[in-house]
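All residue numbers in the sequence shown are consecutive under UniProt numbering, ending with 149.
Below is one structure, written out as structure tokens, with a few remarks after it.
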Amino acid sequence: MAKLTKAQREWRPGMPKKRRSTKVMFASTVLLLEAFVVFFATLAVFGLRRGEFPPALILGIGIALSVVMILACAVVSKPWGVGLGWILQIVLILTGIVEPMMFLVGALFGLAWWYGIRTGIRIDSEAAKRERDQAAWNASHGAEGGQTD
């Protein structure tokens, strides 16, 4: 038999589903896409600039940065996770020192990161307000939710 997760073990019938943060989903998506772009940019730099930089250095730094971006997806929900994301945006822009096209790619991903965080915060606050309003309405109109027989 498969092992149950903590959420599955704690679930009870009638228990409301915990809302996932839109900000976290947007931020994780941007970081994951960046990880793929960094990996492929690493391969491009490896092919184009192998004579200028040691191949082990190119591959080591590029793959390490990709892995860090993937791992950052797991901590973006923590208070310091968004700050780590901003640091990774700066690092991505600075990869333009090695491959100038990465200045543009990094700037565009930085813009996507800013927009995802900003929009995610707005959507999360609207959802929280909607839940509070629904709870207040349910409390004032009783448990039956206004349904008639």
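A virtual CB, placed ideally from N, CA and C, is assigned to each residue, including glycine.
Quick caveat: nothing in here was measured; it's all calculated off a predicted structure.
- Using a Cβ distance threshold of 8 angstroms, K17 and G120 do not count as a contacting pair.
- In the three-state DSSP reduction, G83 falls in the helix class (H, G or I).
- By the Cβ-count criterion, I90 is exposed, with fewer than 16 other Cβ atoms from all chains shown falling within 10 Å of its own Cβ.
- Taking a contact to require three or more Cβ pairs closer than 8 angstroms, the stretch 1-13 and the stretch 93-101 do not qualify as touching.
- Between the stretch 133-144 and the stretch 21-40 there are fewer than three inter-stretch CB-CB distances shorter than 8 angstroms, so the stretches are not counted as touching.
- Residue environment analysis places I58 among the buried positions, since at least 16 neighbouring C-beta atoms fall within 10 angstroms of its C-beta.
- Rounded to whole angstroms, the gap between the alpha carbons of V30 and Q134 is 32 angstroms.
- Assigned with DSSP and collapsed to three states, M15 falls in coil, not helix or strand.
- Per DSSP, E52 is not a residue of any alpha helix (DSSP H), being assigned neither H nor E.
- In this structure, L32 lies near C73, with their beta-carbon atoms less than 8 angstroms apart.
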